[in-house]
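Engineer: Residues 58 to 204 (our numbering) are what the sequence shown spells out, left to right.
Here a beta-carbon is modelled for each residue, glycine too, at the ideal position from N, C-alpha and C.
Treat the numbers as computed from the prediction; the structure is a model and nothing was measured.
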Amino acid sequence: MSVSKSKYYLVAADALPEVFVKVIEAKSLLETGEARTVAEAVERVDLSRSAFYKYKDAISPFRDMRRDTVMTFHMLLHDKPGTLAAVLSIFTESGANILTINQSIPSNGTALVTISVVTDAMTRTSEELVTNLSCAQGVMKVEIMAG
């Protein structure tokens with residue numbers, strides 16, 4: 058018995074039949090929580106449920122990782138209320154899209170925090186971002202680990 062492998066193609070969205078684009082839009086609504094049910098999602102994008110179920114596993118958005126720049130920051134923060142929130146607001150103000158946040162259990166009044174961000178839409182340079190983070194109250198140390 059022969060097992061066939063699936064073939065994949067990279068196709069520009071404007072070349073796809075409208076049904077595929079609508080399936081992606083409906084999946085996005087469900088993933089982001091903007092729609093709670095498939096019925097709600099397909100209604101919002103004007104798509105039949107049967108078309109959604111027919112194609113939902115066959116199409117996915119392409120994310121060009123070569124275009125995105127991911128940076129990972131390693132920080133030592135004082136364990137005080139509001140410190141992490143202040144750090145996150147600096148990332149938000151810079152236009153960075155936060156991918157992950159990992160924080161150790163605080164010990165001796167400090168916590169290690171690692172934050173990975175996509176920087177392709179940033180309005181500041183990475184040097185300005187590090188400077189702003191370093192100057193924030195409660196931030197003891199900032200290092201760029203990758204990116």
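Just tell me which of Leu134, Val76, Leu87 has its CA closest to the CA of Ser107.
Structural biologist: To locate residue 107, count along the sequence shown from 1; it is residue 50. Closest by alpha carbon: Val76.
Engineer: Buried or exposed, going by whether 16 or more other CB atoms sit within 10 Å of the CB of Lys111?
Structural biologist: Numbered from 1 along the sequence shown, position 54 holds the residue referred to as residue 111. It counts as exposed.
Engineer: Could you name the residues that DSSP lists as bridge partners for Gln160?
Structural biologist: Here residue 160 is taken as the residue at index 103 of the sequence shown, counted from 1. Looking at the DSSP assignment, Gln160 forms a beta bridge with Val170.
Engineer: Quick one: give me the first and last residue of the beta strand (DSSP E) that Phe130 is part of.
Structural biologist: As a first step, residue 130 is located in the sequence shown; it is residue number 73 there, counting from the start. Phe130 -> beta strand (DSSP E) spans 127-135.
Engineer: So what does Val80 bridge to, in DSSP terms?
Structural biologist: For the purposes of this step, residue 80 is taken as residue 23 along the sequence shown, with counting starting at 1. Within the DSSP bridge table, the entry for Val80 names no partner.
Engineer: Per DSSP, which one or two residues make a beta bridge with Lys198?
Structural biologist: For the purposes of this step, residue 198 is taken as the residue at position 141 of the sequence shown. Under DSSP, Lys198 forms a beta bridge with Leu133.
Engineer: Go ahead and pull the three-state DSSP assignment for Val68.
Structural biologist: Translated into positions along the sequence shown, residue 68 becomes position 11. Shown here, Val68 sits in coil according to DSSP, grouped into three states, outside any helix or strand.
Engineer: Among residues of its own chain, excluding the 5 on either side of Met179, which ones have a beta-carbon nearer than 6 Å to its beta-carbon?
Structural biologist: Position 122 of the sequence shown, counted from the first residue, corresponds to residue 179. Excluding residues within five positions, the ones whose Cβ falls inside 6 Å are Ser151, Gly152, Ala153.
Engineer: DSSP beta-bridge partners for Val175?
Structural biologist: Here residue 175 refers to the residue found at position 118 when the sequence shown is read from its first residue. Val175 pairs with Val127, Asn154.
Engineer: Could you give the first and the last residue of the continuous alpha helix (DSSP H) run that contains Glu91?
Structural biologist: Translated into the one-based positions of the sequence shown, residue 91 becomes position 34. That residue, Glu91, is in no alpha helix (DSSP H); it is neither H nor E in DSSP.
Engineer: Tell whether a beta-carbon distance below 8 Å holds between Ala203 and Ile147.
Structural biologist: Taking the first residue of the sequence shown as position 1, residue 203 is located at position 146. Taking the first residue of the sequence shown as position 1, residue 147 is located at position 90. No, these two residues do not count as a Cβ contact at 8 Å.
Engineer: Under 8 Å between the Cβ atoms of Phe119 and Ala83?
Structural biologist: Residue numbering aside, residue 119 sits at position 62 when the sequence shown is read from its first letter. Residue numbering aside, residue 83 sits at position 26 when the sequence shown is read from its first letter. Cβ distance not < 8 Å, so Phe119 and Ala83 don't count as in contact.
Engineer: Three or more C-beta pairs closer than 8 Å, one from the segment 160-179 and one from the segment 126-134: is that the case here?
Structural biologist: yes
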